[in-house]
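Chains as they are written, first to last, in the working numbering: chain A, 44 to 371; chain B, 183 to 283.
Right, here's the structure in full:
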């Protein structure tokens with residue numbers, strides 16, 4: 044490797060991007076702490092906090108009981124009192140237990156105190172289907188998009204897993220950081236330098252002219268797979284990876300849909316009141332009745348049975364069918 | 183006889199590994215159970231231990247390098263003076279045991 048510039052990117056596992064990001068922020072700011080189930084000596088359910096307990100000790104990397112309402116409540120309270128906690132909720136499904144402290148207290152604190160107090164807490168959680176059944180597979184990030192005062196980010200790459208976590212830990216209000224079980228086996232490039240991924244900025248993963256496909260998280264890779272197939276059929280798709288779900292980057296979306304005049308949204312969660320519903324409504328407000336379609340999970344629970352699980356959630360084949368139908 | 187050490191799926195979902203440390207230099211002899219190399223997957227450390235005796239002839243993926251599952255990581259032989267061909271894709275797989283941390 045000698046002779047290569049030191050600015051060459053660093054290849055990391057997805058989990059390492061998170062650990063590196065949190066470690067750097069903990070070194071930079073003594074107020075950053077980590078709380079969650081198995082985040083301590085075990086290093087996190089996906090080893091995404093590996094090394095932090097050894098470096099920073101049990102006072103700053105704290106194991107908690109299986110009590111999500113208390114965990115989020117502690118995080119919001121500690122944030123209000125001056126710390127910058129990261130609370131790890133292993134499965135996004137169990138964020139439901141922590142919604143009261145997050146939504147009723149954390150997200151509203153700045154408003155309620157006329158800006159005198161804030162709750163700079165990051166809730167890091169893992170969404171998505173991967174053989175774990177009805178209550179460990181859900182993508183409920185769209186629920187959170189309608190909460191004023193709450194920001195929601197969802198990385199799809201190793202670089203953004205790193206950069207969005209850094210940005211989230213520096214925010215002044217609560218941020219929900221949603222990753223995905225199927226992203227953890229991936230490896231990819233991250234910048235060698237400390238670079239933040241700005242919150243509120245989508246990213247065009249593939250430029251195209253016939254159709255805009257807006258997606259986020261793990262589905263970004265599924266969409267890119269589909270777009271390769273569609274390119275072979277002469278269909279040129281632009282892929283917008285939202286990266287931040289709240290606030291939505293309407294500027295990037297509008298610029299893309301303004302060019303392509305067609306929109307497909309793809310998400311693993313439910314279509315009804317989903318991420319795509321919001322994206323489509325915003326684009327409708329800008330462009331009127333351009334052709335649009337939404338693709339998401341079937342209106343059914345996600346089974347642990349692999350056949351039923353696959354039947355429920357979008358795959359590249361379904362993305363291709365939806366794109367062809369829109370452009371036909 | 184010439185062998186290659188290539189990693190078949192050690193665990194579900196593992197597509198790529200990173201070599202952590204080789205436990206022996208070129209010419210080193212390994213007996214059954216000896217630790218050959220430590221690898222990292224997305225969630226675990228994996229020890230690759232010899233499942234048959236052999237001599238390490240060539241390392242193809244140094245510590246710190248990444249390799250996809252199925253790509254040969256090293257060349258082994260029964261005897262240290264056997265000629266080892268450049269193309270070892272066709273070579274038999276060295277028998278190994280995996281210990282997953």
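In this text, a Cβ means the ideal position worked out from N, Cα and C, and glycines have one as well.
All values reported here derive from a predicted model rather than from experimental measurement.
Proximity winner among B:227, B:197, B:209, B:195, relative to residue 258 of chain B (alpha-carbon distances): The sequence position of residue 258 of chain B within the second chain is 76, counting from 1. Answer by Cα proximity: B:209.
Buried versus exposed, by CB contacts within 10 Å (16 or more), residue 65 of chain A: As a first step, residue 65 of chain A must be located in the first chain, where it is residue number 22. Buried, by the Cβ-count rule.
Sort A:107, A:251, A:109, A:181 by Cα distance to residue 221 of chain A and report the nearest one. Numbered from 1 along the first chain, position 178 holds the residue referred to as residue 221 of chain A. Taking each of A:107, A:251, A:109, A:181 in turn and checking the Cα distance to residue 221 of chain A, the smallest one comes out for A:181.
Let's see if you can read the secondary structure: which residues bound the alpha helix (DSSP H) around residue 349 of chain A? Taking the first chain and counting its residues from 1, one reaches residue 349 of chain A at position 306. First-last of the alpha helix (DSSP H) with residue 349 of chain A: 349 to 355.
Do residue 284 of chain A and residue 258 of chain A have their C-beta atoms within less than 8 Å of each other? Translated into the one-based positions of the first chain, residue 284 of chain A becomes position 241. Translated into the one-based positions of the first chain, residue 258 of chain A becomes position 215. Their beta carbons are under 8 Å apart, which means residue 284 of chain A touches residue 258 of chain A by this criterion.
For residue 198 of chain B, go through chain A and note every residue whose CB falls closer than 7 Å to its CB, in chain order. Against the second chain, residue 198 of chain B aligns to sequence position 16. Within chain A, the residues near residue 198 of chain B are 230.
Alpha carbon to alpha carbon, what distance is there between residue 361 of chain A and residue 346 of chain A? In the first chain, the residue the question calls residue 346 of chain A occupies position 303. In the first chain, the residue the question calls residue 361 of chain A occupies position 318. Straight-line spacing of the CA atoms in residue 346 of chain A and residue 361 of chain A works out to 19 Å.
Using CA coordinates, which residue listed in B:248, B:227, B:238, B:246 is at the minimum distance from residue 260 of chain B? Within the second chain, the letter at position 78 stands for residue 260 of chain B. Of the candidates B:248, B:227, B:238, B:246, the one whose C-alpha sits nearest the C-alpha of residue 260 of chain B is B:238.
Positions along the segment 331 to 354 of chain A whose CB lies within less than 9 Å of some CB in chain B: For the segment 331 to 354 of chain A, the set of residues with a beta-carbon nearer than 9 Å to any beta-carbon of chain B is empty.
Under 8 Å, Cβ to Cβ, is there at least one residue of chain B near residue 235 of chain A? Taking the first residue of the first chain as position 1, residue 235 of chain A is located at position 192. No, residue 235 of chain A lies away from the interface with chain B (no Cβ there is under 8 Å from its Cβ).
Starting from the Cα of residue 279 of chain B, find the closest Cα among B:221, B:204, B:215 and give me that residue. Reading the second chain from its first residue, position 97 is the one you call residue 279 of chain B. Of the listed residues, the one whose Cα sits closest to residue 279 of chain B is B:215.
In chain order, what are the residue ranges of uninterrupted alpha helix (DSSP H) at least 4 long that sit wholly in the segment 183 to 230 of chain A? 184 to 187, 201 to 212
According to DSSP, is residue 78 of chain A part of a helix, a strand, or is it coil? One-based indexing of the first chain puts residue 78 of chain A at position 35. Of the three classes helix, strand and coil, the one that applies to residue 78 of chain A here is strand, per DSSP.
Let me see if you follow: with CB-CB separation under 8 Å, is residue 186 of chain B close to chain A or not? Within the second chain, the letter at position 4 stands for residue 186 of chain B. Contact with chain A is absent for residue 186 of chain B, since none of that chain's Cβ atoms lies less than 8 Å from the residue's Cβ.
Between which two residues does the beta strand (DSSP E) carrying residue 335 of chain A extend? Locating residue 335 of chain A in the first chain gives position 292, where the first residue counts as 1. Residues 335 to 340.
Can you name the residues of chain A whose CB is closer than 8 Å to the CB of residue 208 of chain B? Numbered from its first residue, the second chain carries residue 208 of chain B at position 26. Those do not exist, as residue 208 of chain B stays about 20 Å from chain A at its closest Cβ, beyond 8 Å.
Could you please give the first and the last residue of the uninterrupted alpha helix (DSSP H) stretch that includes residue 327 of chain A? Position 284 of the first chain, counting from 1, holds the residue named residue 327 of chain A. Its alpha helix (DSSP H) spans residues 318 to 330.
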